[in-house]
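If you count the sequence shown from 1, you need to add 3 to reach the working numbering.
Here's the structure, in structure tokens; my notes come after.
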Amino acid sequence: MKVKLNNNYEMPIIGLGTWRSKPEEAYEAVLSALKVGYRHIDTAAIYGNEEMIGKAIKDSNVKREEIFLTTKLWNTDQGYEATLKAFEDSIKKLGVDYIDLYLIHWFKGYENSLSTYKAFEELYRQGKVKAIGVSNYNIHHLQHLLDNVEIKPMVNQVETHITLQNHFLHDFCKKNNIQLEAYAPLMSSKINDLLNNETLQEIAKKYNKTVPQIAIRWLIERGVVVIPKSVTPSRIEANFNVFDFSLSDEDMQMIRKLNTGRKIFVEFDNVDY
Ligand SMILES: NC(=O)c1ccc[n+]([C@@H]2O[C@H](COP(=O)([O-])OP(=O)(O)OC[C@H]3O[C@@H](n4cnc5c(N)ncnc54)[C@H](OP(=O)(O)O)[C@@H]3O)[C@@H](O)[C@H]2O)c1
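Written out as structure tokens, the structure is:
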């Protein structure tokens, strides 16, 4: 299942996350994922696993053009010239000649946001990236970009899960044709809080599915792109096995009630890295 970005480029609604996957683990995880049907991989320069992910893509025998590959520009590389250079480093490590989606990893001030994004527009015009976007941007950061750039961002990747549902941000993104993408969909390091959630457990039982499958399906039903991370083959497979059922309106509403605003990652403004 795919979503269409604002430039009509298609993005698979589920992808494999690879943060904290060590290079060797990432290699195996990408091979497992591609084997069970994933066609979307999410990495970042800072994850230190681009080389092995590129190698796994090559070794998988899946055609490059069938895979949607995202990487992200790290904070210390923001600014026009530094961005162009960092992009070259990333594609070299990944061993590819284009990236499907290039994201500014974090907001680092309005000036950096614009100069970095201008380099992204340049890469997009040259066809080296098929889509451009941002990560960890809130409404005010996005609005500043929309007011000042020529090519609208196509994606905003932010922390989104049962306790941080981002309905306002999602509405803003929909209104502006920006695709919302959920990172930490299983609550990342706090996954036990998700696994032990009684509402999700009850719903999972009803559909004969697991709690992570319910959490992933709920995002898909909302039209949010989702990138669960795992290095465990059985979990990689299970997390992708979410297309043979759909949640009732009533169950969607039950999950909506779990929205407490609890955030696991730092606030988007003033990150100190
Ligand atoms: N843009 C950003 O700033 C940013 C920030 C954070 C994350 N991300 C991206 O989003 C991806 C996902 O976020 P995340 O990695 O933080 O967290 P996540 O996907 O919410 O959770 C990952 C954790 O859940 C475990 N897990 C996965 N599937 C499971 C299952 N079916 N049953 C039980 N446990 C399961 C994984 O363990 P095992 O691996 O041991 O199986 C891992 O410990 C990242 O990998 C990265 O690509 C982006």
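Note that beta-carbon positions come from the ideal geometry of N, C-alpha and C, so glycine has one too.
It should be emphasised that the depicted structure is a prediction, and the values quoted were computed from it without experimental measurement.
Query                                                                                                         : Result
heavy atom of ligand 1 below 8 Å from THR235 C-beta                                                           : yes
Collapsed DSSP secondary structure at ASP150 in the structure displayed                                       : helix
Pair within 9 Å by beta-carbon distance, THR119 and ASN262                                                    : no
VAL33 classed as buried or exposed, judged by whether at least 16 other C-beta atoms fall within 10 angstroms : buried
Unbroken stretches of the beta strand (DSSP E), 3 residues or longer, contained in the region 145 to 189      : 158 to 162 and 182 to 186
Endpoints, the beta strand (DSSP E) within which MET4 is located                                              : From DSSP, MET4 is part of no beta strand (DSSP E); its letter is neither H nor E.
Local conformation of ALA89 per DSSP, three classes                                                           : helix
Coarse secondary structure for GLY20, derived from DSSP in three states                                       : strand
Distance cut-off 8 Å: TRP22 Cβ against heavy atoms of ligand 1                                                : yes
Near ligand 1: HIS43 beta-carbon under 8 Å from a heavy atom                                                  : no
Where ILE230 sits in the DSSP three-state scheme                                                              : coil
Which of helix, strand or coil DSSP assigns to GLU3                                                           : Nothing in the structure corresponds to residue 3, since the chain is present only between 4 and 276.
DSSP three-state assignment for VAL132, whether helix, strand or coil                                         : strand
GLY226 vs LEU183 beta-carbon contact at 9 Å                                                                   : yes
Entirely enclosed alpha helix (DSSP H) segments - the region 53 to 113, minimum 4 residues                    : 53 to 62 and 83 to 97
Coil, strand or helix - SER249 by DSSP                                                                        : coil
Bridge-paired residues (DSSP) for SER138                                                                      : GLN160
The region 30 to 45 touching the region 224 to 239, judged by at least three CB pairs closer than 8 Å         : yes
Assigned secondary structure, ASP254 (DSSP; H/G/I helix, E/B strand, else coil)                               : helix
Identified DSSP bridge partners for HIS43                                                                     : PHE71
Straight-line gap, ILE16 to PHE71 (C-alpha atoms, nearest Å)                                                  : 10 Å
ARG225 Cβ short of 8 Å to ligand 1 heavy atom set                                                             : no
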